[in-house]
Each structure stands twice: as structure tokens, then as C-alpha cells.
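Each residue of the sequence shown is one higher than the last, beginning at 1 in full-length UniProt numbering.
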Amino acid sequence: MISQQKTVSPTHFYNWKNYRCAYEVDNPTQSTREGIPLLLIHPIGVGLSRQFWQRFSSEWYKQGHRNPIYNPDLLGCGESDMPHVAYTPSDWAEQLQHFLNTVVQKPVILVVQGALFPVAIELVQKEPSNLIAGLVLAGPPGWAIITKKTPQWQDKLIWNLLDSPLGNAFYRYARREKFLRDFSTRQLFDSTDAVDAEWINTLQQGAANSDSRHAVFSFLAGFWRKDYSQAIASIKQPTLVVVGETASNISKEGKQEKPDERLADYLACLPNGRGIKIPGRNVLPYESTAEFVEALAPFINDIS
């Protein structure tokens, strides 16, 4: 297989509900586009944006694949506008639906990181056409988490507590290198060495604009926490579940869950699912990039 390197892609913009939203399109150099496009959904957290996927895109082309990759910034993140609102998975799914219908305009495979899986679920429900050909779940939440609804009053209470001068002070603290490094080591990465300067610098740059806190606070408030079991069972598209060999949960509901149990629960519910474990913990596209690409390639090729 001929290796193709990723070029530096310019930032493009589109408008959705009078908001300016950013994205990039990655293509292999010196080749024509081949295969079904991938649409990436980045995680939400302090400093996170579409930059999370840069290692994955580079490795995808390094291993010789030629699928175009659409990599958008969700509203409130990266170079997209950051309105002072409480964001829900439905909001972000509506943004991506508009992106699919107006920019991409062809079938894609969704590749979604972690607890942003509810955004992909909502998007599949909103987009009944043939624009979503399949899904890849990178380190999805524990089954006990994705199937438990939190009370609406609780979500609003947490949002109101965070959307305050106290929350602003917390966000300034959370942008510090020590906090980012300690949290990443405790909750995200299998290897301490993997929490490198590139990771920390990317997060600090992404969190430099304090308006990025609104998306993070929306996530922390738990507006994404619902019982999605029926919605997952209704996903007809082929779905690949990729779980880390040392996958863990932050929420107490999933603390006792083992990676094999998580994989089995998802595959028991998905009508057209398959699963694989690879080395790493919770940020597989970043920590175990080569293995993640190798896990995806056969699945993508089958759909293409």
C-alpha cells in the first residue's frame, strides 16, 4: 500500500443559525479522493476541539488510506462561534445535520469520540436519509452511563452553579498545565508518558478563549445524560465499537465495569454491530493512533 501524507488543511467556514462554524477537509496528497468520507465528532472538554483528530488524520493517510476526512468544530469549540448558551446533544446534532446537507452532501461514516456518542445518536435520528452509512464509536461511555437518565432539575442546577463567577474561576484553574496533566493521567490515558507536550499545549491553546467554557460546562452539567438504550437499538447502520484494553469510567455508575463487559453490552443492543479491543484507555485516536487506524480500516473498507 502506498503511503500518503496529510497536508496542512485550511480552515473553512459555514453558517448555521447565524453562527459561524469552522471545519477542515483533509485529503491525501498526490492522489484522487477514494472511498467513503469520514465525518469526525471531537470530544468536549477543557481546550478540546477538532484538533483532537490531527494525529488520527495524519496516521490514516500515512497508512495509505485515501478517504476524505471532514473535521468540524462543534459550536462553542475551536474556531467556531462560542455563544453563551447551554448546549445539548440535539443542538450539536442539528449543527452537524446542516453541515452534512449543505457542505458534505454525500454519505459518510461518523467517527465519534467518547461521551459525544449521544450527538451521533441524535444525528442518526434526525437524518433519516442515506447520508450516514455507518458509525465508529471510539471509547464510548460505559453502558450504565449511556442508559441512565439524570433528572433535568439536576442538570440545570449544575449548569447554574458552573455558569457563575465561581465557575469562571474554576475554568481558569482548569486551564493550568498541572490540572490538565493530572486529569489526563488519572482519567484519560493508559500511559503517563502519553500525556505529552503536544497534548497539553493543544488543550491550553484551545482553552485560551474563556468563552469555550460554555460548551464544557454544558457537558459537565450532564445535558447528554439520558437513557439511550432504545435509540441505540434502533441504529440500523453498521457500527464498530472500539474499546481500550484498560478503558475506565469517570462516573461512579460505571466504575466496576470491565472493558469486555462494555463491549458485550453494546454489541448485544446494536442490531448491526461489531467490536474490537485495542491497547489504550479512553482517548484511543490520540493515545493508540496506529492501532485505532488499523482497527477501523477493514470496517471502513467493507462499507466503501
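Here a beta-carbon is modelled for each residue, glycine too, at the ideal position from N, C-alpha and C.
Under DSSP, the beta strand (DSSP E) around residue 171 begins and ends at which residues? Residue 171 -> not in any beta strand (DSSP E); alpha helix (DSSP H) instead, spanning 165 to 174.
Could you tell me which residues DSSP puts in a beta bridge with residue 239? 135 and 273
Would you tell me roughly how many angstroms separate the C-alpha atoms of residue 16 and residue 25, rounded to the nearest one? 18 Å
Beta-bridge partners of residue 20, as assigned by DSSP: 15
Kindly indicate which three-state DSSP category residue 296 falls into: helix, strand or coil? helix
Is the separation between the beta-carbon of residue 292 and that of residue 242 shorter than 8 Å? yes
So is the beta-carbon of residue 41 under 7 Å away from any non-hydrogen atom of the ligand GDP? Absence of the ligand GDP from the depicted structure is noted, as is the absence of any ligand whatsoever, leaving it without description.
Residue 200 versus residue 86: straight-line alpha-carbon distance, rounded: 26 Å
What separation, rounded to the nearest whole angstrom, lies between the Cα atoms of residue 300 and residue 52? 20 Å
Under the three-state reduction of DSSP, which class applies to residue 110: helix, strand or coil? strand
Taking three-plus beta-carbon pairs below 8 Å as touching, is the segment 58 to 68 in contact with the segment 209 to 219? no
In its own chain, which residues sit with a C-beta less than 6 Å from the C-beta of residue 147, not counting the 5 before and 5 after it? 227 and 229
To the nearest angstrom, how far is the alpha carbon of residue 294 from that of residue 288? 10 Å
Inter-residue Cα distance where the pair is residue 254 and residue 144: Here residue 254 scores only 49 on pLDDT, less than 50, and its place in the model should not be relied on; the value that follows carries that caveat. So the two alpha carbons sit approximately 6 Å from each other.
Would you decide whether residue 271 is buried or exposed? Buried here means 16 or more other CB atoms lie within 10 Å of its CB. exposed
Backbone CA spacing between residue 195 and residue 182 [nearest angstrom]: 9 Å
Helix, strand or coil for residue 193? Go by DSSP, reduced to three states. helix
Is the segment 129 to 136 touching the segment 154 to 173, taking contact as three or more C-beta pairs under 8 Å? no
Taking the alpha helix (DSSP H) that residue 285 falls in, what are its first and last residues? 284 to 287
Between residue 6 and residue 175, what straight-line distance do the alpha-carbon atoms span, to the nearest angstrom? Its pLDDT being 48, under 50, residue 6 is placed unreliably by the model, and the measurement read from it follows with that caveat. Each residue's alpha carbon lies about 30 Å from the other.
What number of angstroms, rounded off, separates the C-alpha of residue 303 from the C-alpha of residue 296? 11 Å
Buried or exposed, going by whether 16 or more other CB atoms sit within 10 Å of the CB of residue 173? exposed
Taking all protein chains shown into account, decide if residue 129 is buried (16 or more other Cβ within 10 angstroms of its Cβ) or exposed. exposed
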